[in-house]
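Notes for the one structure printed next.
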Amino acid sequence: MLRDIIEEIKLRKEFELKTRFAVHPSTLTQCKRAIVLSACGIAQYTTTQQELMFCVANGAHAMMEHILGLQEGVHCECEKRIKIPEYLLSGIADAVLSGDRILSSYGTERIIVEIKTSGYLKANYTPPVSHIAQLNTYLYGTGIEIGEILTVSRTNGSYNTCTVEIDEELLSSVFSFLDEIYDSLHGGTMPEIDGDCSSCWYYEYCHASDASNIYDYCIRLFNETADNTKEYKERRK
Ligand code: SF4
Numbered sequence: 003m004l005r006d007i008i009e010e011i012k013l014r015k016e017f018e019l020k021t022r023f024a025v026h027p028s029t030l031t032q033c034k035r036a037i038v039l040s041a042c043g044i045a046q047y048t049t050t051q052q053e054l055m056f057c058v059a060n061g062a063h064a065m066m067e068h069i070l071g072l073q074e075g076v077h078c079e080c081e082k083r084i085k086i087p088e089y090l091l092s093g094i095a096d097a098v099l100s101g102d103r104i105l106s107s108y109g110t111e112r113i114i115v116e117i118k119t120s121g122y123l124k125a126n127y128t129p130p131v132s133h134i135a136q137l138n139t140y141l142y143g144t145g146i147e148i149g150e151i152l153t154v155s156r157t158n159g160s161y162n163t164c165t166v167e168i169d170e171e172l173l174s175s176v177f178s179f180l181d182e183i184y185d186s187l188h189g190g191t192m193p194e195i196d197g198d199c200s201s202c203w204y205y206e207y208c209h210a211s212d213a214s215n216i217y218d219y220c221i222r223l224f225n226e227t228a229d230n231t232k233e234y235k236e237r238r239k
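Heads up, this note's numbering is the position in the sequence shown plus 2, with the first residue counted as 1.
Have a look at this one:
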């Protein structure tokens with residue numbers, strides 16, 4: 003069965019898999035193996051329920067981006083792709099805002115806004131470190147100094163904003179964490195399991211009797227076919 007899945011993925015992602023190994027900053031808190039599987043293009047969230055949840059979240063994103071773009075004195079560039087090739091990171095920031103109002107409010111020409119959705123938001127809500135780390139990678143990748151995390155409640159539409167600036171210590175821990183993953187793949191092994199398998203979407207991949215096939219596939223993609231790992235290999239020489 004696993005072989006069928008792999009062949010299906012290969013066909014669906016044929017071009018991408020030949021050339022791309024990219025970690026999305028939003029996956030950084032997952033198990034290291036889940037990060038690798040996701041970076042190899044093995045999609046998560048394919049069940050109907052999860053797709054529906056994604057639709058709701060994406061709808062909220064689109065709505066907020068639209069509202070931000072309508073504000074006078076604010077220019078909104080939505081869905082900005084940001085790459086950090088030496089760390090194999092590739093993500094999409096929800097919005098980069100610029101304009102007179104941004105300059106007068108923040109004292110800087112551009113800020114990044116990352117939109118998250120949540121259930122009920124407590125009064126003293128603060129975003130999880132994973133969201134702050136994700137935004138930090140976007141700040142690092144663009145050279146923009148300030149970001150905002152806008153968390154919107156799916157329960158009642160209330161929202162929370164949190165201003166984020168570059169946190170060198172946090173970034174350094176993110177990059178070290180990534181290097182552990184890449185060094186392991188470069189050495190020909192999958193990184194260790196460090197997550198809760200029972201609640202993981204990749205359970206059926208990792209716990210199949212022939213899981214080693216998909217792991218071998220990921221290791222080969224990283225070492226033999228992904229052109230974009232060159233920057234990582236150069237940096238680690
Ligand atoms: S099933 Fe377990 S080992 Fe596999 S990605 Fe998920 S948490 Fe990691």
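C-beta atoms are modelled at their ideal positions from N, C-alpha and C, and glycine is treated no differently.
Out of curiosity, what's the CA-to-CA distance linking residue 17 and residue 43?
Bear in mind that the predicted position of residue 17 carries a pLDDT of just 45, short of 50, making it too unreliable to give a figure here.
In or out: residue 138 buried (at least 16 other Cβ within 10 Å) or exposed?
With 16 or more Cβ atoms within 10 Å of its Cβ, residue 138 is classed as buried.
Three or more C-beta pairs closer than 8 Å, one from the region 28-43 and one from the region 180-190: is that the case here?
Because the criterion of three Cβ pairs below 8 Å is met, the region 28-43 and the region 180-190 touch.
Does the Cβ of residue 24 have 16 or more other Cβ atoms within 10 Å, making it buried, or fewer, making it exposed?
Under this definition residue 24 is a buried residue.
For the candidate residues 218, 101 and 115, whose alpha-carbon lies nearest to that of residue 74?
Proximity to residue 74 across 218, 101 and 115 peaks at 101, based on C-alpha coordinates.
Determine the burial state of residue 113: buried for a count of at least 16 other Cβ atoms within 10 Å of its Cβ, exposed for fewer.
A residue is called buried once 16 or more other Cβ atoms fall within 10 Å of its Cβ, and residue 113 is buried on that count.
From the DSSP output, which residues share a beta bridge with residue 117?
According to DSSP, residue 117 shares a beta bridge with 152.
Length-filtered (4 minimum) alpha helix (DSSP H) runs lying within the region 123-169
Runs of the alpha helix (DSSP H) inside the region 123-169: 131-144.
What does DSSP give as the partner residue(s) for residue 228 in the beta ladder?
Paired residues: none, contrary to the question.
If you compare alpha carbons, which of 109, 231 and 76 is closest to residue 187?
The shortest Cα separation from residue 187 among 109, 231 and 76 belongs to 231.
Taking any heavy atom of the ligand SF4 as the mark, which residues have a C-beta closer than 5 Å to it, listed down the chain?
Working through the chain, the matches are 33, 35, 36, 195, 197, 199, 202, 204, 205 and 208.
Taking 8 Å as the cut-off, does the region 135-153 touch the region 102-112 (at least 3 CB pairs, one atom from each stretch)?
With a cut-off of 8 Å, the region 135-153 and the region 102-112 count as touching, because enough Cβ pairs lie within range.
8 Å CB neighbourhood of residue 225 in its chain, flanking five on each side removed
187, 188, 190 and 231, listed in sequence order.
C-alpha distance - residue 175 paired with residue 130, whole-angstrom precision:
One C-alpha to the other measures close to 15 Å.
Any idea if residue 96 is buried or exposed, counting beta-carbon neighbours within 10 angstroms, 16 or more meaning buried?
It is buried - the Cβ of residue 96 has at least 16 other Cβ atoms within 10 Å.
Proximal residues to residue 85 (C-beta, below 6 Å), its chain only, five neighbours per side dropped
Hits under 6 Å: 92.
Identify every residue that forms a DSSP beta bridge with residue 79.
Residue 79 is bridged to 98.
How should residue 205 be labelled, buried or exposed, when 16 other C-beta atoms within 10 angstroms of its C-beta is the threshold for buried?
Per the 10 Å Cβ criterion, exposed.
Once the 5 residues before and after residue 160 are set aside, which same chain residues still bring their CB inside 6 Å of it?
Leaving aside the five residues that flank residue 160 on each side, the residues in its chain whose CB is nearer than 6 Å to its CB run, in chain order, 123.
Supposed contact pair residue 195 and residue 207 - C-beta distance, whole angstroms, cut 8 Å:
For residue 207 against residue 195, the beta-carbon gap comes to about 12 Å, at or over 8 Å, which does not count as contact.
Separation of residue 212 from residue 82, as counted between CA atoms:
Each residue's alpha carbon lies about 38 Å from the other.
With distances taken Cα to Cα, identify the nearest neighbour of residue 151 among 98, 171 and 106.
If you compare the alpha carbons of 98, 171 and 106 with that of residue 151, the shortest gap goes to 98.
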